[in-house]
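Have a look at the structure below, then the notes.
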Amino acid sequence: MAVNRSEKSGPQSAQVAARERVLEVADQLFATHGYQAVSLRDIGASLSMRHASLYYHFPRGKEELYVAVVERRMRSYQTQLEQVLRDAGADWRQQLSAAAHWMLTQPHMHLGRMMQSDMPAISEESADTLRVIVRDALLQPLTRPIQQALVNNPEKRRRSVTYAGMFLSLIEGIENLPANYLTGNKDELVDVVIDFVLHGLTT
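According to full-length UniProt numbering, the sequence shown holds residues 1 to 203 in order.
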């Protein structure tokens, strides 16, 4: 007897879609309020469902859901960032500039809050998992043009990941500046940051 594939896959597809909807709504809430300020009841209410139903998708509760949300977001960032760097061509200056401008088109990443507030509130195992995810998604792609820039400076080249983190923080910091501190629009400020990275303050 032939198996109707659509009937067999229907419930599974519905489960995948339901899980994706939970991740989407939880991502919005965590991004807006932070890990500690959001409860499973908040997420359930936003989905018009009982919060206990969330354990069907995430049996270990809010922490498991948060890790899944961050991983989903970072994988998306990684795919986009890798493409941006490829499209920018071979020149590391153009790659860093393209990466910085791309970052400003994304929803605020809140990496500072994640590191300083969210991660201390979860288990060390989960925090370590997220550090690896963030490193692979954002720092490693940015490390490559930085290593290219420092090809003739082995001492600094060893710190490429550190420089990538500093670059990321500088660009994200533009989003945190009060409007009255800004001189020019954000795209212009990206160019200022790139110039600062390339030439410092004295040139």
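For each residue, glycine too, the CB sits at the ideal point set by N, CA and C.
Problem - Any C-beta of chain B under 7 Å from that of G61 - result: The chain labelled as chain B is not found in the depicted structure, where only one protein chain is given.
Problem - Alpha carbon of V161 to alpha carbon of R135, nearest angstrom - result: The straight-line gap from Cα to Cα measures roughly 9 Å.
Exercise for the section: For the alpha helix (DSSP H) holding F167, just list the boundary residues, first then last. Expected result: From DSSP, the alpha helix (DSSP H) with F167 extends over 160 to 176.
Practice task
Could you check what DSSP says for A68 in three-state terms: helix, strand or coil?
Solution key: In the structure shown, A68 sits in a helix (DSSP, three-state: H, G or I).
Problem - Start and end residues, alpha helix (DSSP H) containing residue 206 - result: No answer is possible for residue 206: the residues shown for the chain start at 1 and end at 203.
Handout entry: Other residues of its chain near A90: CB distance less than 6 Å, five sequence neighbours each side excluded
Key = Excluding sequence positions up to five before and after A90, its CB lies less than 6 Å from no other CB in the same chain.
Handout entry: R157 beta carbon less than 7 Å from that of Q147
Key = Yes, they are a contact pair.
Problem - alpha helix (DSSP H) segments (min. 4 residues) lying fully within the segment 19 to 74 - result: Counting only unbroken stretches of 4 or more residues, the alpha helix (DSSP H) elements lying wholly within the segment 19 to 74 are 40 to 46, 54 to 57, in sequence order.
Practice task
Output the distance between the C-alpha atoms of G112 and P120, rounded to the nearest integer angstrom.
Solution key: Rounded to whole angstroms, G112 and P120 show a C-alpha spacing of 12 Å.
Exercise for the section: State the DSSP-derived secondary structure class of Q80, mapped to helix, strand or coil. Expected result: DSSP places Q80 in helix when its eight states are reduced to three.
Exercise for the section: Please state if the CB of Y77 and the CB of A137 are separated by a distance shorter than 7 Å. Expected result: Their beta carbons are under 7 Å apart, which means A137 touches Y77 by this criterion.
Exercise for the section: Flag this pair as yes or no: are the beta carbons of L104 and P145 separated by less than 7 Å? Expected result: It is not a contact, given that the beta carbons lie outside the stated cut-off.
Practice task
Ignoring anything shorter than 4 residues or poking outside the segment 78 to 132, list the alpha helix (DSSP H) runs there in chain order.
Solution key: Segments of the alpha helix (DSSP H) lying fully in the segment 78 to 132: 92 to 105.
Problem - Contacts around I174, its chain only, beta-carbon distance under 6 Å, and the 5 residues preceding and following it disregarded - result: Once the five neighbours on either side are set aside, the close Cβ partners of I174 are K186, L189.
Problem - Beta carbon of R72 nearer than 7 Å to that of L23 - result: In this structure, L23 lies closer than 7 Å to R72 by Cβ.
Problem - Cβ neighbours of I194 in the same chain (closer than 7 Å, five flanking residues each side left out) - result: Close CB contacts of I194 within its chain, under the 7 Å cut and outside five residues either way in sequence, are with L96, S97, A100 (chain order).
Handout entry: CA-to-CA distance, V70 to L130, given in whole angstroms
Key = Pairing L130 with V70, the inter-Cα distance amounts to about 7 Å.
Problem - Start and end residues, alpha helix (DSSP H) containing R135 - result: Counted as a single uninterrupted DSSP element, the stretch harbouring R135 is not any alpha helix (DSSP H), since DSSP gives it neither H nor E.
Exercise for the section: Taking only the alpha-carbon atoms, compute the straight-line gap between L54 and E64 and give it to the nearest angstrom. Expected result: Using only the alpha carbons, I get a separation of about 11 Å.
Exercise for the section: For H110, I'd like the list of residues in its chain whose CB is within less than 7 Å of its CB, leaving aside the five on either flank, ordered along the chain. Expected result: Here the set comprises A31.
Problem - Where N180 falls: helix, strand or coil (DSSP) - result: The three-state reading of DSSP puts N180 in helix, counting H, G and I together.
Exercise for the section: On a CA-only basis, which of A179, I171, Y35 is nearest V192? Give me that one, please. Expected result: By alpha-carbon distance to V192, the top candidate from A179, I171, Y35 is I171.
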